[in-house]
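Heads up, the sequence shown is in this note's numbering, so the first residue is 1 and it goes up one at a time.
No residue lacks a Cβ here, since even glycine has one placed at the ideal position from N, Cα and C.
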Amino acid sequence: MGLVLGIESSCDETAVALVAHDRTIVAQAIASQDEAHAPYGGVVPEIAARAHAEKLAPMIAGVMGDAGLALTDLDAVAATAGPGLIGGVMVGLVSAKALAMAADVPLMAINHLEGHALSPRLADPALEFPYALLLVSGGHCQILRVDGVGRYRRLATTIDDALGEAFDKTAKIIGLGFPGGPAVERLAREGDPRAVPLPRPLVGSGEPHFSFAGLKSAVMRAHDSGLHRREDIAASFQQAAIDCVVDRLRHALGAMEPVETLVVAGGVAANQAVRMALEGLARKRDLRFSAPPPELCTDNAAMIAWAGQERLAIGGAADSLDVAARPRWPLDPHAEAVRGAGYKA
Ligand code: KG4
Ligand code: ZN
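Shown next as structure tokens:
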């Protein structure tokens, strides 16, 4: 049935999944490291790498055991090879190399962002290329036109913080736990999105990119003023962020060759308010809208295995066993570096 084993270890989720050619997720496991990083208020790379190293091998054995399969049943092994925290990426990639060698099957070194970019097609068999993609996670905030497997054109990126990062920083400022995105979303449901006046950086601007640093600073000032309830800050922040995203998407949709579908992926795509706003934009523009279920939005290995399946399906080449882990790896190699974007470019 064309089985690909996927491994994800680029940040703070250790994940393993077996995905069949027909999109069945045959077995999967995901171990979050939230508790290990919570005392530090963010992901500590060294702690993450060690946790991946401890958990990965038993998790692979567990997933294969759950599926009742042996290495010889695999058709390929796919692992995130970047971008991400290099220690964790190396743990996953080296494990995948060993497995591919032992099983004598192709190794697929997958770009984590490609995993997110193609994840909507795992969930939605009717989703065809091309599509406009908003890719919003903890480390990235981009708008891409996706023309096919390996064919990504970036139209916008962030010049400072990623959207998930802005959610996480807002959570920290108003005293919510880590990771912050889901906590901000929950609290925002009880707040008034118009209560706190906050800026919408770059809205209406002729330049294509995102910026969230100014919004974060305004959240900090609003919090420090002592004038606002936390739920109102959360709701107002979320609304400001959504207004930015919708405006930037309008700009990008006008700048790219027409597409029929608008797609959102990445951790922040799990946010219901964000999804509803994008659905509204799609409706107004007469576009089809597609978003993976929340568990496929946040980091997972099914999307990595699926990216491997997509590559197999177009007859794409395997990677050699000496392929290197890449802490930086832009999806669109022709995209210009954006000043201030740091590793997020
Ligand atoms: O894709 P992901 O799991 O990891 C990266 O590749 O970065 O995204 C994680 C990010 C975090 O910043 C997290 O706070 C955010 O996605 N996130 C959310 C929600 N769930 C996760 N942000 C807003 N609302 C959510 N429900
Ligand atoms: Zn991710």
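Query                                                                                                          : Result
Bridge partners - Tyr152, DSSP secondary structure assignment                                                  : Val146
Where the alpha helix (DSSP H) containing Ala166 begins and where it ends                                      : Leu163 to Ile173
Buried/exposed call for Lys284, threshold 16 Cβ in 10 Å                                                        : exposed
Same chain only: Cβ atoms within 6 angstroms of Gly342, ignoring 5 sequence neighbours per side                : For Gly342, the pLDDT reaches just 46, beneath the cut-off of 50, and the residue's location in the model is therefore unreliable, leaving the point undetermined.
Secondary structure of Thr298, DSSP reduced to three states                                                    : coil
Neighbour flag for Leu198 against chain D, beta carbons, 8 angstroms                                           : Considering every chain present, this structure includes no chain D. It has just one protein chain.
Where the beta strand (DSSP E) containing Gly6 begins and where it ends                                        : Leu3 to Glu8
Identified DSSP bridge partners for Gly82                                                                      : Asn111
Gly214: CB within 7 angstroms of a non-hydrogen atom of ligand 2                                               : no
Inter-residue Cα distance where the pair is Lys344 and Cys297                                                  : Annotation note: pLDDT 42 at Lys344 (below 50); position unreliable, coordinate value reported separately. Roughly 18 angstroms separates the two Cα atoms.
8 angstroms Cβ cutoff met for Gly82 and Arg248                                                                 : no
Contact test: Cys141 Cβ vs ligand 1 heavy atom, cutoff 7 angstroms                                             : no
Pocket of ligand 2 (residues with CB nearer than 5 angstroms to any heavy atom), chain order                   : Ser137 and Asp299
Alpha-carbon to alpha-carbon, Val259 and Arg288                                                                : 9 angstroms
Cβ shell of Phe237 (< 6 angstroms), same chain only, five flanking positions each side left out                : Thr170 and Val219
Opening and closing residue of the alpha helix (DSSP H) in which Ala31 lies                                    : Unbroken run through Ala31 is the beta strand (DSSP E), Ile25 to Ser32; no alpha helix (DSSP H).
Nearest residue (CA-CA) to Arg250, options His228, Ala282 and Val268                                           : Ala282
Start and end residues, alpha helix (DSSP H) containing Phe237                                                 : Arg230 to Ala255
Validate contact between the region 121-135 and the region 85-105 using beta carbons, cut 8 angstroms, 3 pairs : no
Span of the beta strand (DSSP E) around Glu13                                                                  : Glu13 to Ala20
Ala270 beta carbon near ligand 1 (any heavy atom closer than 7 angstroms)                                      : yes
Beta carbon of Lys216 nearer than 8 angstroms to that of Ala269                                                : no
Beta-bridge pairing of Arg288 - partner residues as DSSP gives them                                            : Thr261
Span of the alpha helix (DSSP H) around Ala213                                                                 : Ala213 to Ser225
Cβ contact check for the region 330-340 and the region 142-159: 3 or more pairs under 8 angstroms              : yes
Where the alpha helix (DSSP H) through Ala188 begins and ends                                                  : Gly180 to Ala188
Ligand 1 heavy atom lying under 7 angstroms from the CB of Phe167                                              : yes
Supposed close pair Asp299, Glu8 - CB separation, criterion 8 angstroms                                        : 6 angstroms
Heavy atom of ligand 1 within 7 angstroms of Val184 beta-carbon                                                : yes
Start-to-end residues for the beta strand (DSSP E) that takes in Leu133                                        : Tyr131 to Val136
Option in Gly88, Val16 and Thr80 with minimal Cα separation from Ala51                                         : Gly88
Ligand 1 heavy atom lying under 7 angstroms from the CB of Pro179                                              : yes
Val136 versus Ser290: straight-line alpha-carbon distance, rounded                                             : 14 angstroms
Rounded straight-line distance, which links the Cα of Ile242 to that of Ala277                                 : 7 angstroms
Residue nearest to Tyr40 in terms of C-alpha spacing, selected from Ala57, Ile25 and Gly177                    : Gly177
Extent of the continuous alpha helix (DSSP H) to which Val43 belongs                                           : From DSSP, Val43 is part of no alpha helix (DSSP H); its letter is neither H nor E.
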